[in-house]
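For reference, the structure discussed in these notes is given below.
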């Protein structure tokens, strides 16, 4: 009897499935907003040039901060790429662990935080100082987007807004404890922006905003005229009121108005085309405080002048405009909320930083995104921009 020969078969492979996956990947990258990416790259390149001038006399090595910033940009771009690898919809699974992690990091600052310049905002990790409040902004965008996505159509009454406000109030209070008033206000801006994108009643949001500003004004009046105690440090109060007249507190280089005065001198002396790269007296002679971090926009005004300053602001406008466009094209509310939160965060940062350097807003220590020196801020901003690009790439429902 003859034995039958065993048959060997190659595993079946569906070429249509593989081809469909390749087409899916190509379609994703065709969605990429190149204007958005280009504005990011342009801002980063210009920022490194400006930082090389701003920090020339801050350290022994004139390129010390440029080298460190380059390192953080590389780390940030790596983080941005990792964010792109996963569909943003998967973030919904991790919103609760992320929210808890955010609170743990902010609480850890009070226990093991590193103190500098009167504030305890950093955790010492050997060669790096981690600032959890910077990452708290990006994490809040993600977790609040999940929170509001479940409440579509349920944000029309003031009672409906109590839970979203309470949700953001917890990390805000931990940040205020550091103390970091500027970052706490950023979270508030993120909340209002995302509530608007989520469908909250615009009139109600305006009413709450106006009522809040009125209460702040009344509280400040009662404090200075009747001694009403406020949950703010003395220097924070001076920064809030000195914007009305910085010369009332600008003596000796230590007053709250000194920063504003020197910044206005720097920007005013720049004229139309600037005094020249690395030629600014306010910067190079160190009259301008914190000119490689909070007041780097003043360096732009003095050394590059009004025309080039407008060009840089135009890049920021393009960045924000493309964010709004990406949010409008998002395939779902969750994606629109993510981009709306990042856009609100960047808008508030830009308006407040430029406003405080020109003297029309209080000095709150809010850095200029993608420009000011700072590792934690750079990484957090790049992760946030990665979220925007993630929504941009996956803005269409592609089925195979």
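In the numbering used here, the protein residues as written are 1349 to 1748.
Heads up, the beta-carbon is just placed ideally off N, CA and C, and yes, glycines get one too.
Does the separation of the CB atoms of residue i and residue j fall below 8 Å?
i: residue 1663; j: residue 1497; result: no
i: residue 1701; j: residue 1635; result: no
i: residue 1503; j: residue 1520; result: no
i: residue 1500; j: residue 1693; result: no
i: residue 1387; j: residue 1666; result: yes
i: residue 1381; j: residue 1740; result: yes
i: residue 1443; j: residue 1486; result: no
i: residue 1376; j: residue 1742; result: yes
i: residue 1653; j: residue 1616; result: no
i: residue 1691; j: residue 1482; result: no
Apply the 10 Å Cβ neighbour rule to residue i and answer buried if 16 or more other Cβ atoms are within range, or exposed otherwise.
i: residue 1372; result: With a pLDDT of only 46 at residue 1372, under the threshold of 50, the placement of this residue in the model should not be trusted; the figure read from the coordinates follows. Counting Cβ neighbours within 10 Å, residue 1372 comes out exposed, since fewer than 16 surround it.
i: residue 1458; result: exposed
i: residue 1563; result: exposed
i: residue 1719; result: buried
i: residue 1470; result: buried
i: residue 1475; result: exposed
i: residue 1569; result: exposed
i: residue 1463; result: exposed
i: residue 1488; result: buried
i: residue 1450; result: buried
With which residues is residue i paired in a DSSP beta bridge?
i: residue 1476; result: 1473
From the DSSP output, in three-state form, read off residue i for me.
i: residue 1574; result: helix
i: residue 1560; result: helix
i: residue 1417; result: helix
i: residue 1659; result: helix
i: residue 1651; result: helix
i: residue 1463; result: strand
i: residue 1627; result: coil
i: residue 1468; result: strand
i: residue 1633; result: coil
i: residue 1709; result: coil
i: residue 1443; result: helix
i: residue 1714; result: coil
i: residue 1743; result: coil
i: residue 1549; result: coil
* Asked: Does the stretch 1704 to 1714 come close enough to the stretch 1410 to 1425 that 3 or more CB-CB pairs lie under 8 Å?
  -> no
* Asked: Is there contact here, the stretch 1730 to 1746 with the stretch 1411 to 1418, by at least three beta-carbon pairs under 8 Å?
  -> no
* Counting pairs of Cβ atoms below 8 Å between the stretch 1565 to 1580 and the stretch 1537 to 1551, do you hit three or more? -> no
* Asked: Touch check for the stretch 1648 to 1655 and the stretch 1672 to 1680: three-plus C-beta pairs under 8 Å?
  -> no
* Asked: Would the stretch 1392 to 1402 and the stretch 1622 to 1636 be scored as touching if the rule is three or more Cβ pairs under 8 Å?
  -> yes
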